[in-house]
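All remarks here apply to the structure that follows.
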Amino acid sequence: MYRAYQERLDRQVALKLLSVDRVDQRTLRRFQRELQLTGRLTGHPNVVTVFDTGATRSGRPYIAMELFEGGSLRDRLSREGPLPVPDVLRTGVKRAAALAAVHEAGVPHGDIKPQNILISKYGEPAIADFGVAKVVDMAEVSASAHAFTPLHAAPEVLRGQPHSVPSDIYSLGSTLYHLLAGQPAFHSPTDSSIAPLMLRVLSRPPPPIQRGDVPPQVIEAITRAMAKEPHERYPSARATAGRLQRLQMELGLPVTDIIGGDPVTAEPGEPESAPSGRSATLAIAPKSRVRTHLAVGMVTAALAGAG
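Sequential numbering of the sequence shown, starting at 1, is according to UniProt numbering.
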């Protein structure tokens, strides 16, 4: 990812380029699907806005998108350490509502994590990087499993199942845990290898959050989102937003508004409907090549690395 200057509109943008060694037909298809999904979600205040798409003179595709000067939630964690409970709940409501919009567009996001939640200059969080999200059949999603982030991946994804609404809810819960604890639930400071990490995710409950100021009902809500079995999690991202809003009410905090209508809600302790087990897919018709008029005057600095 790079910072670039769009001369025609006199503004700084973020420029995402495909790496030369990754430009094959599968990668190009994945990139095009990312463009189409992100474009359909343009206008949502908590989803990164795409300004333009095209290709460089050497043929490398790019997306020009909104530049977030505030960095990511991972950057904030690095600066400040674990975040206050009110901030985590507010971010969680907005993230869950944005995820609901992604799911209603017909796909899972597939890579929810702190570094994919960017902060605008107004302090608003927005979901970025739809690199794993697919409008394809299950087999192709499974084939892309190399692209997910193991520290926040759901158990079923580690077993080779496709990304889904329930796996996104798990990753959201894992991200909220990370924001409260200051590190991912199954991170080990002494062993960062993949096999032991996968074993911890598959077989152990999330460790207790070592903070006295985190109410037990907040921990309970996050633990439900991170349940090992998909059917034990919240039935939808909108239902997750509703639970987080109710937590704000219970704790006497301002209730965060969401975009796109009221969430699916239930009184505390009232059972919520189980997910149907079906996931929507959309067929995207081929598009003609986009002719771009984006003038990139200069690329000044790398914004962030992958993952």
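The beta-carbon is built from N, C-alpha and C at its ideal position, and this holds for glycine as well. Computed from a prediction, not measured in an experiment: that's the story for all the values here.
By alpha-carbon distance to Val214, the top candidate from Thr53, Leu251 and Ser58 is Leu251.
Here the stretch 74-91 lies against the stretch 110-118, with 3 or more beta-carbon pairs under 8 angstroms apart.
Between Thr53 and Leu179, the C-beta spacing is not below 8 angstroms. Gln210 carries a coil assignment under DSSP once its states are collapsed to helix, strand and coil. When the beta-carbon positions are compared, Leu172 and Leu99 come within less than 8 angstroms of each other. For the pair Gln36 and Leu67, the Cα-to-Cα distance works out to about 19 angstroms. Under the three-state reduction of DSSP, Gln6 is assigned to strand. Within the model, the alpha-carbon separation for Lys16 versus Gly81 is close to 28 angstroms. Cα atoms of Glu124 and Arg11: separation of roughly 20 angstroms, rounded to the nearest angstrom. Note: Leu118 is bridge-paired with Ser72 and Ala126 in the DSSP secondary-structure output.
In the three-state reduction of the DSSP assignment, Met65 falls in the strand class. Per DSSP, the unbroken alpha helix (DSSP H) holding Val88 starts and ends at Val85 to Glu104.
With contacts defined as CB atoms closer than 8 angstroms, Leu197 and Pro150 qualify as a contacting pair.
Straight through space, the alpha carbons of His152 and Pro84 are spaced by roughly 21 angstroms.
Boundaries of the alpha helix (DSSP H) harbouring Asp168: Val165 to Ala181, taken from the DSSP string. For the set Gly160, Arg211, Ala126 and Lys228, the Cα lying nearest the Cα of Ser174 is the one of Lys228. Residue environment: Lys94 is assigned as buried (16 or more neighbouring CB atoms within 10 Å of its CB, all protein chains considered).
Look at Val255 here: in three-state DSSP terms it is coil, with no helix or strand label.
Ranked by Cα distance from Ser167, the first of Arg200, Pro108, Ile222 and Ser188 is Pro108. The bridge partners DSSP lists for Gln12 are Tyr5. Pro207 is positioned such that its CB atom lies closer than 8 angstroms to that of Ala185. Looking from the CA of Leu244, the closest CA among Gln6, Ala64, Ala96 and Glu69 belongs to Ala96.
When the beta-carbon positions are compared, Val50 and Gly39 come within less than 8 angstroms of each other. Taking the Cα positions, Ile127 is about 31 angstroms away from Thr190. In the structure shown, Gly110 falls within a coil segment according to DSSP collapsed to helix, strand and coil. Listed as beta-bridge partners of Val47 by DSSP are Ile127.
Ranked by how close their Cα comes to the Cα of Ala154, the residues Tyr122, Ala105 and Glu232 have Glu232 in first place. According to the DSSP assignment, Gly81 belongs to no alpha helix (DSSP H), since it is labelled neither H nor E. A straight-line Cα-Cα distance of about 19 angstroms links Arg3 and Tyr122. CA-to-CA, the gap between His163 and Tyr170 works out to about 11 angstroms.
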